[in-house]
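Contents: one structure, followed by commentary.
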Amino acid sequence: MKLRNLYAASSFAIAALLLSSVSLAATKAEIDQRVHVTMHQFYQLNPKHKDLVARAKGVLVFPRITKGGIGVGGQYGEGALRVDGKNVAYYSVTSGSVGLTLGLATHKEVILFMNQEALDKFTNSHGWSIGADTGVAVLTDGGGGSYDTQTLQKPILAFVFGENGLIGDASVEGSKIDRLER
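Residue numbers (the numbering used here): 236 to 417.
Structure follows, in structure tokens:
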């Protein structure tokens with residue numbers, strides 16, 4: 236039993252160390268610049284993305300989410316909520332996992348709130364969890380994949396793209412999003 240606790244504690248410490256190597260406190264200006272670049276990359280993946288963004292009531296952009304761990308894993312990223320093409324609030328995304336996690340990787344996420352009700356639900360929540368919202372369609376095919384009419388009827392569309400690193404799992408399931416004070 237003591238060996239198991241030692242393994243868990245050391246795994247957590249290593250995961251924390253891996254994640255702490257990432258800058259966890261970007262300034263508003265840094266986040267703004269990263270969001271701008273990420274949106275440009277998102278549009279390059281699929282020309283139809285511009286039309287989707289134009290129809291969305293809000294767009295939550297995480298330019299870099301870092302996931303890492305050894306046994307125990309976690310992920311963290313910072314981004315901005317855009318309404319009418321302007322950054323209006325800043326958010327962090329976090330999650331943790333226990334299992335066969337090994338490595339370090341990054342990815343980008345763009346989450347589109349396609350109607351006002353979905354955007355209001357998100358902005359009025361304290362600690363919104365993606366996995367808990369059944370109205371989310373997660374599109375992980377490099378962000379450039381095609382989507383059908385049924386997918387487009389979902390109130391929230393989440394795109395995962397730009398995966399780099401040694402962990403193949405780039406999922407938004409179970410992620411918790413909190414507002415940052417910047």
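Backbone N, C-alpha and C fix where the C-beta goes; we use that ideal spot for every residue, glycine too. In this text the structure is predicted, and so the values were computed from the model without any measurement.
Could you tell me the distance, in whole angstroms, from the CA atom of residue i to the CA atom of residue j?
i	j	result
Ser258	Thr301	With a pLDDT of only 47 at Ser258, under 50, the local geometry of the prediction cannot be trusted, and no value is derived from it.
Ile266	Ile391	22 angstroms
Arg269	Glu398	16 angstroms
Tyr311	Tyr278	24 angstroms
Asp319	Thr384	24 angstroms
Ile293	Ala340	Sequence check: residue 293 is Gly here, not Ile. Approximately 27 angstroms between the Cα atoms of the pair.
Mark residue i as exposed unless 16 or more other C-beta atoms lie within 10 angstroms of its C-beta, in which case mark it buried.
i	result
His342	buried
Ser410	buried
Asn198	It is not possible to answer for residue 198, since the shown part of the chain is limited to 236 through 417.
Asn281	buried
Arg299	buried
Val307	buried
Lys283	exposed
Leu401	exposed
Ala260	exposed
Leu295	buried
Ser330	buried
Between residue i and chain D, is any beta-carbon pair separated by less than 9 angstroms?
i	result
Arg269	The structure shown contains no chain D, having only a single protein chain.
Nearest to residue i by alpha carbon, out of the options?
i	options	result
Gly304	Leu287, Gly338 and Tyr326	Gly338
Leu354	Ala261, Val395, Leu316 and Glu398	Leu316
Tyr382	Asp319, Thr262, Asp286 and Asn350	Asp286
Val272	Ala260, Thr262, Gly293 and Phe297	Phe297
Lys389	Ile412, Gly362 and Gln351	Gln351
Ala264	Leu387, Met349 and Asn322	Asn322
Looking at the unbroken beta strand (DSSP E) that takes in residue i, where does it start and where does it end?
i	result
Gln310	Gly293 to Val318
Given a cut-off of 9 angstroms on the beta-carbon distance, is the pair residue i and residue j in contact?
i	j	result
Ser327	Glu313	yes
Met274	Val373	no
Ala291	Arg414	no
Leu347	Phe394	yes
Return the first residue and the last residue of the alpha helix (DSSP H) that residue i is part of.
i	result
Ala261	Segment: none, Ala261 is in no alpha helix (DSSP H) and carries neither H nor E.
Asp383	Where Asp383 is concerned, there is no enclosing alpha helix (DSSP H), given that its DSSP letter is neither H nor E.
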